[in-house]
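As structure tokens, the structure follows; a few thoughts come after it.
Numbering (this note's numbering), first residue to last: 55 to 413.
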């Protein structure tokens, strides 16, 4: 069907718009998947929880369902809690339950055209495998049910919210992390989709809160000022440093950092005990895996015992060409020894703030 009739077009002497044509028209409003398809997923709500019995509770949600590009999409929802029964726990091993939503369709061979929330139950095993789902189903959550479980809210049941999420076309699609982001891009290309400046994919990552866009091979952060990424030293045991030159304290890599001006700043908390230390604090940065550059600020630590916070912080504004940006904060030990505070989480920090394409 090279051309299909649109929504709300009056019937002529031949026919009106068919349900499939209407669903294909609606697909154009949803985030793309392939050349003419749409990404299925939740638009809102849908977090599955356990109950005091052998059932799962599914709250209100809106969802986009599809059986493939040729069938378009079904926009459906649920305005109140729905209970999805399952079986009691297995006698041995464990099994995997998948809670899903599906909209039946008599035109596709189903006995009705009703929506339903249901549970697919896997076989019990020492290494349980997930069950398969019927065509057009959207997975909402995945639960591992151990033999020790007494109900779906018991400690023997682990529920993972596994639903894909989707969005209106042209707005960022929520994804959990870089792996889900990259899987979306791969699935889009595998289904015949194309990427360009005028037809990009955009996502917003749960793990970073950053909007990223791809129009080709890589991902770049959303081009606006004020975006800040921070890396903080984790709490560890106190550690003495009495040798070495550049001592890294904390840092990390900003994946796909936008090209433009970034301000890098670092602060630290160190202390001495039994000896003084002569040296300098520094921040470092590197673009695309290259050799790091440094900005130093003199910081000598006296032999009086006690903790010394770096004040003011070390700071440097750089022009980044785009791509991965490594940042870090550390101390250059020239003479003497110092201690790294174990409980310095939140005190030893490096951050980068995107200022825009120009200053």
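In this text, a Cβ means the ideal position worked out from N, Cα and C, and glycines have one as well.
Environment of residue i [buried if 16+ CB atoms lie within 10 Å]
i, result
"residue 312", "buried"
"residue 271", "exposed"
"residue 134", "exposed"
"residue 86", "buried"
"residue 61", "exposed"
"residue 148", "buried"
"residue 413", "Below a pLDDT of 50, predicted positions are generally treated as unreliable, and residue 413, at 45, falls in that range; the measurement from the model is reported next regardless. Looking at its Cβ environment, which holds fewer than 16 other Cβ atoms inside 10 Å, residue 413 is exposed."
"residue 94", "buried"
"residue 251", "exposed"
"residue 389", "exposed"
"residue 298", "exposed"
"residue 143", "buried"
"residue 282", "exposed"
"residue 63", "exposed"
"residue 66", "exposed"
"residue 68", "exposed"
"residue 305", "buried"
"residue 84", "buried"
"residue 231", "exposed"
"residue 222", "exposed"
"residue 166", "exposed"
"residue 264", "buried"
"residue 57", "exposed"
"residue 233", "exposed"
"residue 209", "exposed"
"residue 303", "buried"
"residue 373", "exposed"
Those residues which DSSP pairs with residue i across a bridge
i, result
"residue 215", "195"
"residue 380", "307 and 340"
"residue 86", "92"
"residue 177", "Residue 177 pairs with nothing; no bridge assigned."
"residue 316", "372 and 408"
"residue 293", "394"
"residue 266", "257 and 275"
"residue 99", "115"
"residue 321", "403"
"residue 169", "157"
"residue 58", "Note: residue 58 sits in no beta bridge, so no partner."
"residue 348", "338"
"residue 185", "Note: residue 185 sits in no beta bridge, so no partner."
"residue 367", "For residue 367, which the question treats as bridged, DSSP gives no partner whatsoever."
"residue 104", "110"
"residue 299", "Residue 299 pairs with nothing; no bridge assigned."
"residue 333", "387"
"residue 64", "DSSP lists no partner for residue 64."
"residue 204", "For residue 204, which the question treats as bridged, DSSP gives no partner whatsoever."
"residue 355", "331"
Residue i and residue j closer than 9 Å at C-beta
i, j, result
"residue 326", "residue 356", "yes"
"residue 170", "residue 185", "no"
"residue 137", "residue 112", "yes"
"residue 318", "residue 284", "no"
"residue 203", "residue 102", "no"
"residue 140", "residue 109", "yes"
"residue 349", "residue 368", "yes"
"residue 307", "residue 378", "yes"
"residue 158", "residue 132", "no"
"residue 182", "residue 198", "yes"
"residue 309", "residue 353", "no"
"residue 82", "residue 92", "yes"
"residue 249", "residue 238", "no"
"residue 393", "residue 293", "yes"
"residue 211", "residue 104", "yes"
"residue 391", "residue 328", "yes"
"residue 322", "residue 363", "yes"
"residue 344", "residue 404", "no"
"residue 218", "residue 300", "no"
"residue 269", "residue 253", "yes"
"residue 119", "residue 59", "no"
"residue 259", "residue 235", "yes"
"residue 89", "residue 247", "yes"
"residue 408", "residue 314", "yes"
"residue 176", "residue 150", "yes"
Residue i beta carbon near the ligand NAD (any heavy atom closer than 8 Å)
i, result
"residue 212", "The model depicted lacks the ligand NAD and carries no ligand whatsoever."
Report yes or no: do three or more beta-carbon pairs, one from the segment 223-236 and one from the segment 111-126, lie closer than 8 Å? no
Which runs of the beta strand (DSSP E) spanning at least 3 residues fall entirely within the segment 112-164, listed in chain order? 115-120, 127-132, 136-139 and 148-157
Would you list, in sequence order, the uninterrupted beta strand (DSSP E) runs of no fewer than 3 residues that lie entirely inside the segment 223-264? 227-229 and 255-259
Does the segment 322-340 come close enough to the segment 377-384 that 3 or more CB-CB pairs lie under 8 Å? yes
Contact the segment 190-199 vs the segment 155-163: 3+ CB pairs below 8 Å: yes
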